[in-house]
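Chains as they are written, first to last, in the numbering used here: chain A, 9 to 73; chain B, 9 to 73.
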């Protein structure tokens, strides 16, 4: 299986936001993270990098538009 | 393995940009796609949705900022 872990860069460190993520939707208000085991969660962030081998998604706080 | 296929939405259809993608970096000019088997390729696009179960990333053309 290919679920991912999503990390938010915060104060120079990476904080895990959600694991077992099966899908991410990019929305105006941020990223909607969907998981097998938790309720969907929206993070006010933008994707920085996806690593499909390490199953990691790196997110930074969303810049005001 | 968890490589993904990246599709660009173009004229209402989805066009495959790259397969066996192992990583995506979000850059000011677009998305840098990295694959096992091809040279990295930068697409002037933004991520719309990632589906980790279907191993699909959907991209739309980048809006001028």
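Virtual Cβ for every residue (Gly too), placed ideally from N, Cα, C.
Is it true that the CB of residue j sits closer than 8 Å to the CB of residue i?
i                     : j                     : result
residue 41 of chain B : residue 29 of chain B : yes
residue 17 of chain A : residue 32 of chain B : no
residue 50 of chain B : residue 37 of chain B : yes
residue 60 of chain A : residue 10 of chain B : yes
In or out: residue i buried (at least 16 other Cβ within 10 Å) or exposed?
i                     : result
residue 12 of chain B : buried
residue 39 of chain B : buried
residue 53 of chain B : buried
residue 45 of chain B : exposed
Starting from residue i, follow its DSSP beta bridges and name the residues at the other end.
i                     : result
residue 42 of chain A : A:31
residue 37 of chain B : In DSSP, residue 37 of chain B forms no bridge with anything.
residue 14 of chain A : A:26, A:65
If the cut is a Cβ gap below 9 Å, which residues of chain A does residue i touch?
i                     : result
residue 12 of chain B : 10, 58, 60
Can you pull the chain B neighbours of residue i, defined as C-beta to C-beta under 9 Å?
i                     : result
residue 32 of chain A : 55, 57, 58, 59, 60
State the start and end residues of the unbroken beta strand (DSSP E) segment that holds residue i.
i                     : result
residue 53 of chain B : 53-59
residue 69 of chain B : 64-69
Residues of chain A with CB under 7 Å from residue i, in chain order?
i                     : result
residue 29 of chain B : 60
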